[in-house]
Amino acid sequence: SVGIKTFNTVPKYKAMTTLLIKEEGSKMLSIEDEFGYQRRVMNLRFYNTQLKLLKSKSLVERVVRKMNLPARPEFSAGQKPKKSLTTTVKNIISLRWIVPGKKSEVGNLMYSIPSSPYAEIANVLQDGIEVSSIRNTNLVEVSYESPHPVLCSDIVNTLAEEFISFSVEKRYETTQQASDFLSEQIANLRGDLAAREKELQRYGKRKELFFLSDTESTTMSKFADLTEAYTQSQIRRIKAEASYRELKELEVDSLPQFV
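Structure (C-alpha cells):
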C-alpha cells in the first residue's frame, strides 16, 4: 500500500518572491519623532498593514481578474470554494425560517444574491497564498503552492505587480488630495488678498495716498501670474521626475523559486 500511495502522490511546486516594504518618510515629524518611539511605532503599524493588504480579498481579486483565472483550466480543475463555518450556520438558520406555504424574505435575500466567479476564486486563491515576514528586516516573502509550476509562478508575480500598482495608486490619490487641499487654500488666500487690496485702495483714496495706477497694477499682476505659472510648471516637472525615479527604484525580486 505504501508503494501505491507514493505512486499516486501529486508533486507540488512552490513559487516565492520577496518584497521590500518601505514607507515614505513624513516631512511633518520632528527630529525626536523621526528617531524616537513614535517613528518606530508608525513603521511597525505601516509594516503590519502592508502584510494584511498582501492577503486582502480586494488585492487577491485584482490578481484573479488580471490573470483571468476562471479561464485557466489548470487552476479551475478540482478547485471548489470552501464554505466557512459561518456560512454553514447562516444557511441552517435561514432554512429554519422557511415554513411550508411561506417563504422567508431573509432566506430569499441570501439565496437570490449571485456570487461573482472572481470572488469565489479569490476565496480559494486567498487560502493558498502565504505571506511571511523576514525577521529584523522590512522584507516580506510571498509564496504559493500548486501542482502546476507555471501557474504558481504567474500567481506570485502577478500578486507582487498588483501590490505595487495598488501602492502607487494609493500614493497618487493621497498626493492628489493634498494638491486639491492646497489649491483650495490658495484660492481662499487669493480671495482674501483681492479683498484686502480693494480695501487698501479705498483707504488710499480717502487719505489721498499714492498707489499704482490701474494699468501699472494690472501689469504687475500679469507679471506675478506669469511668475507663478512658471514656478508651478517647475514644481510639476520636479514631481514628475521624482515619481519616475521612484518607479524605477521599485525593485521586486520576482524570479520564482521552486521547491
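The numbering used here puts the first residue of the sequence shown at 263, with every later residue one more than the last.
All C-beta atoms in this analysis are idealised placements derived from N, C-alpha and C, irrespective of residue type, glycine included.
Note that the coordinates shown come from a computational prediction; the quantities given were computed from them, not determined experimentally.
Asked	Found
Looking at the structure shown, is P343 part of a helix, part of a strand, or coil, going by DSSP?	Per-residue confidence for P343 stands at a pLDDT of 45, beneath the threshold of 50, marking its modelled position as unreliable; no derived number is given.
Going by the DSSP bridge assignment, what does E392 pair with across the sheet?	S405
Alpha carbon to alpha carbon, what distance is there between L321 and L387?	11 Å
Skipping 5 residues on each side, what residues in its chain have a beta carbon closer than 6 Å to that of S394?	E403
Exposed or buried, R499, counting other C-beta atoms within 10 Å across all chains shown (16 or more means buried)?	exposed
Taking only the alpha-carbon atoms, compute the straight-line gap between M304 and E446 and give it to the nearest angstrom.	29 Å
Within a Cβ cutoff of 7 Å, which residues of the same chain sit near G390, ignoring the five residues on either side of it in sequence?	Y406 and E407
Using C-beta distances below 6 Å, list every residue in its chain close to E392, excluding the 5 sequence neighbours before and after it, in chain order.	S405
Go to S320, then tell me how far its alpha helix (DSSP H) extends in each direction, as first and last residue.	K319 to M329
Which residues share a DSSP beta bridge with Y275?	S408
Compute the beta-carbon to beta-carbon distance between T420 and M278, rounded to the nearest angstrom, for a pair I have assumed lies under 8 Å.	Not a contact, Cβ separation roughly 14 Å.
Measuring CB atoms only, is the region 425-442 touching the region 311-326, in the sense that at least three cross pairs come out at less than 8 Å?	yes
Quick check on R302: does DSSP put it in helix, strand or coil?	helix
When you compare only the Cα positions, how much space is there between Y380 and L313?	22 Å
Quick one: is L451 buried, meaning 16 or more other Cβ sit within 10 Å of its Cβ, or exposed?	exposed
Would you give the residue range spanned by the alpha helix (DSSP H) that E285 belongs to?	No alpha helix (DSSP H) holds E285; DSSP gives it neither H nor E.
Quick one: give me the first and last residue of the alpha helix (DSSP H) that S378 is part of.	Careful: S378 lies outside any alpha helix (DSSP H) and carries neither H nor E.
Roughly how far, in whole angstroms, is the beta-carbon of N400 from the beta-carbon of Y275, given that I think they are within contact range, below 8 Å?	Contact doesn't hold; Cβ gap of about 27 Å is too wide.
Ignore the nearest five residues each way along the sequence and tell me which others in E424's own chain have a CB closer than 7 Å to its CB.	L321, R324, V325 and K328
Start and end of the alpha helix (DSSP H) containing P335?	P335 to S338
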